[in-house]
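Just below is one structure, and these are the notes that go with it.
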Amino acid sequence: MRILVCVKQVPDTSEVKIDPVKHTLIREGVPSILNPDDANALEAALQIKDKNPDTIVDVISMGPPQAKLMLRECLAMGADNAFLLSDRAFGGADTISTSRTIAYGIKKLGNVDIVFAGRQAIDGDTAQVGPQIAFRLELPVVTYVQNIREVKENSIIVERQLEDGFEVVEVQKPCLLTAVKELNEPRFMSIGRIVGAFDTEITVYNHEDIDLDQELCGLKASPTKVYRSFTPEPKGKGEMLTGTINDMAHTVVEKLKEEHLV
Amino acid sequence: MNKKFPDYNGVWVFAEQRDNKLMGVVYELLGEGRKLADEIGCELSAILLGENLGTLADELFEYGADNVYIKESPLLKTYTTDAYSKVIGRAIEKYKPEIVLIGATHIGRDLGPCLSVEAETGLTADCTKLEIDHEDKKILQTRPAFGGNLMATIICPDTRPQMSTVRPGVMDKAVYKKGRKGKLVVLDDVELKSEEIRTKVIDVCKKIGETVSLTDAEVIVSGGKGLGNKEGFKLLKQLADKLNGTIAASRAAVDSGWIDHSYQVGQTGTTVKPKLYIACGIFGAIQHIAGCKESDMIIAINTNENAPIFEIATYGIVGDLYKVIPAMLEELN
Ligand SMILES: Cc1cc2nc3c(=O)[nH]c(=O)nc-3n(C[C@H](O)[C@H](O)[C@H](O)COP(=O)(O)OP(=O)(O)OC[C@H]3O[C@@H](n4cnc5c(N)ncnc54)[C@H](O)[C@@H]3O)c2cc1C
Ligand SMILES: Nc1ncnc2c1ncn2[C@@H]1O[C@H](COP(=O)(O)O)[C@@H](O)[C@H]1O
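Sequences listed follow chains A and B, in order. Taken in order, the first sequence gives residues 10 to 271; the numbers are from this note's numbering. Taken in order, the second sequence gives residues 53 to 385; the numbers are from this note's numbering.
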């Protein structure tokens, strides 16, 4: 069995700061990490490999050359091979364009039984790229996978998270699944593998390598454009209540009465 | 109508139903869709799929839809990506709406991406604000990114339809007008075969216990890491009951295992805009604030006077919630 995991290098948004003057994101000094949901996706693939040792787990990413570092982390976690789709022409891609490039990359790699992606990346927070790749590759897709119950010869039984519960879905193989954080607890990199991960060759493909016309890549092939970006305006600071606990409780209940909330 | 795309016309909303009940976000999409359609000067339509849908189409008319595109089939009873994307994809190709709005539910966020690839058009995720550009009538779609640290307004200038998923609980609900009528269009030229549907829903498990509807709640009493333990929610529940509200939580409280994820308010949880939001022991991380800042009134109770939650609070109380809440309950009695 061959499993491919789509992984993305993202800035750690919990560390992202806003430039108070320019109102733009300060990315310098912000650590880059493996997107959290993608770590769950990789863990799911590795757990299947743990049970079926003849399974090959490969990781694929689209991004600038520095994404190699994140791919090496994936190798150190247990992935067999890493592929990086990297080309100046891929820059500025929206989800439609990203999913096309990755789908071409996956086609180049040939037969796979399961493609995993994370539910969403924490930079864009769109959750679109996974199902878009599936649709392009004409694979059945199950998003929000919170549990994998059984991997069978020709199908997989998974639980798909819903707002108010979950559904149990049987999906034909080959297929694409997107992982949520409830799916598992990602393993750490293995000390033994870290050294090897730095010696492993990471295959880099540009647009020609994956037979994708340059006009269909990156910003040029992105139907959406950022019209403007800004930082959310803070709501005007309200009133800090003073006095003893009982005074403050009294005041606040009076305010609720004024607003007919009690 | 847009001069550049004379063939494309009208605003569509996806009328997502589960168990033959419309999802709450559908009323919000109809409210927002009506506003956009009026500004552009076009019709508002809903697309409704399922089995034995009964009076749901009438309900959509009463909430402002001019047209309802409908298809009923046993194969559409529960959502599957294959069946829904095929029928809706074909309808979009045939009727060419200019704008398609989909609720950013777990189902909408599965369907939208597939439809956008089928039409090779842009899809803006999880929008919190939609406006019409007066110059060329295109839609300006605003959404949070980078964990709510940054807002971006996205346009889709060169392809149609323009598609957005819209975050539940943000837009105003449509106005109900009893007896309002519209035109029903049956989608009968798409043939569905069961073998085309490559996933099978074997079982649907609903969470037992009280169902939380944070988006509909008028009063929310929310707890964070500052509760210190699971039992703290019992105190919050007392206050919530007194105010006819419901309890909720920050991600830190959910991650601590004190309360189920369905109670989580914030970027990766539910966006709420109740009349009253009481934040107890919540620090006020940007991702949490993103999900509650639209509340009409926010009361924050926190021992740390520097907690950022106070920046958005209408009234701030620096103090131990285990002392403040009992004092409030006493005042209320
Ligand atoms: C991409 C992304 C998405 C995220 N999405 C969400 C989301 O959807 N929702 C969300 O909430 N978070 C989200 N987070 C997480 C967020 O960054 C914070 O980790 C979380 O919101 C912190 O919760 P908290 O304020 O309850 O806990 P803490 O940060 O631990 O703060 C606890 C607060 O309680 C106070 N306190 C302690 N004891 C008491 C007492 N006895 N009485 C009164 N006050 C007390 C403390 O002073 C402190 O201010 C997200 C993060 C990322 C990176
Ligand atoms: N540049 C990329 N390279 C590899 N995988 C990606 C890339 N962008 C998105 N993905 C995958 O798609 C998922 C959803 O991303 P997004 O739609 O950006 O929220 C991620 O969790 C990844 O698995």
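Glycine included, each C-beta is placed from N, C-alpha and C at the ideal position. None of these values were measured; they are calculated from a predicted model.
Distance between beta carbons of residue j and residue i, contact taken as under 8 Å
i, j, result
"P196/B", "T180/B", "6 Å"
"D132/A", "F198/B", "6 Å"
"A269/B", "Y79/B", "16 Å between Cβ atoms; not a contact."
"A130/A", "N49/A", "With 8 Å as the limit, A130/A and N49/A do not qualify as a contact, their Cβ atoms being about 12 Å apart."
"K138/B", "V271/B", "In fact, because the Cβ distance is near 43 Å, the residues do not count as touching under 8 Å."
"G155/B", "V77/B", "3 Å"
"F239/A", "M203/B", "5 Å"
Identity of the residue in the options nearest residue i by Cα
i, options, result
"N61/B", "K258/B, I144/B, T205/B", "I144/B"
"V63/B", "A117/B, L112/B, T107/B", "A117/B"
"M86/A", "V154/A, D59/A, A112/A", "D59/A"
"K190/A", "E224/A, E217/A, Q155/A, S199/A", "Q155/A"
"N90/A", "R97/A, V66/A, K77/A", "V66/A"
"L51/A", "V30/A, V39/A, L80/A, A76/A", "L80/A"
"L167/B", "A135/B, T194/B, A204/B, I377/B", "A135/B"
"T107/A", "E263/A, V16/A, S238/A, I123/A", "V16/A"
"E124/B", "V271/B, E103/B, A379/B", "E103/B"
"R219/B", "H186/B, C257/B, G160/B", "G160/B"
"S302/B", "S274/B, G284/B, I369/B", "S274/B"
"E346/B", "A365/B, C332/B, N358/B", "A365/B"
"E357/B", "C344/B, C332/B, I377/B, A379/B", "C332/B"
"G130/B", "N72/B, Q290/B, K375/B", "Inspection of the sequence shows that residue 130/B is occupied by Thr rather than by Gly. For the residues N72/B, Q290/B, K375/B, the minimum Cα distance to T130/B belongs to N72/B."
Coil, strand or helix - residue i by DSSP
i, result
"Q141/A", "helix"
"A54/A", "helix"
"A117/B", "coil"
"E170/B", "helix"
"Y214/A", "strand"
"E382/B", "helix"
"D71/B", "coil"
"V262/A", "helix"
"M53/B", "In this predicted model, M53/B has a pLDDT of only 45, less than 50, meaning its place in the structure is not dependable enough to derive any value."
"S387/B", "The question about residue 387/B has no answer here: the residues shown for chain B are numbered 53 through 385."
"S97/B", "strand"
"Q18/A", "strand"
"V39/A", "coil"
"D103/A", "coil"
"N156/A", "strand"
"K190/A", "helix"
"Y131/B", "coil"
"I219/A", "coil"
"T135/A", "coil"
"G85/B", "helix"
"E267/A", "helix"
"E176/A", "strand"
"A128/A", "A small fix is needed here, since residue 128/A is Arg in this sequence, not Ala. It is coil, neither helix nor strand."
"D372/B", "coil"
"R232/B", "coil"
"T218/B", "Checking the sequence, you will find Val at residue 218/B rather than Thr. Correct three-state label for V218/B: strand."
"Y315/B", "helix"
"L171/A", "strand"
Beta-carbon proximity of residue i to residue j, cut-off 9 Å
i, j, result
"D312/B", "K259/B", "yes"
"I105/A", "E172/B", "yes"
"G174/B", "P241/A", "no"
"Q214/B", "V152/B", "yes"
"N354/B", "I338/B", "no"
"A53/A", "L192/A", "yes"
"D134/A", "A304/B", "no"
"L270/A", "L381/B", "no"
"I341/B", "I361/B", "yes"
"A112/A", "L146/A", "yes"
"R237/A", "V121/A", "no"
"E268/A", "D348/B", "yes"
"K189/B", "E91/B", "yes"
"L94/A", "Y214/A", "yes"
"T209/A", "V151/A", "no"
"F175/A", "V306/B", "no"
"Y374/B", "G318/B", "no"
Contacts of residue i in chain E (Cβ-Cβ under 7 Å)
i, result
"F239/A", "The chain inventory of the structure shown lacks chain E, comprising the protein chains A and B."
4-residue-minimum alpha helix (DSSP H) runs that sit fully inside the stretch 137-205 of chain B, ordered along the chain
160-170
Run through the stretch 324-356 of chain B for me and flag every whole alpha helix (DSSP H) of 4 or more residues, listed as ranges in chain order.
338-344
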